[in-house]
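K.L.:
If you're matching positions, the sequence shown starts at 11 in the numbering used here and goes up one per residue.
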Amino acid sequence: MEKNFQKDIDSLKNELNASNRTIQVMLIAGITLAPIIYSIFNKYFFN
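#1: I need the DSSP call for F51, collapsed to helix, strand or coil.
#2: Examine the ligand GDP and report whether any of its heavy atoms sits within less than 7 Å of the Cβ of I46.
#3: Work out the CA separation of R31 and D20 for me, nearest whole Å.
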């Protein structure tokens, strides 16, 4: 009983870590791409 509970907590932690990593990657990608997208928009839509 105790072991199963610990295993559940561990797998929950692993899932949390994975989703945190995904969110971090998305944030970094967004911060990196934002200026590029912004300049493209400026070029084509605000001539």
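Note that beta-carbon positions come from the ideal geometry of N, C-alpha and C, so glycine has one too.
P.N.:
Taking the geometry as given:
#1: DSSP places F51 in helix when its eight states are reduced to three.
#2: This structure lacks the ligand GDP; in fact it carries no ligand of any kind.
#3: The alpha-carbon atoms of D20 and R31 are separated by roughly 16 Å.
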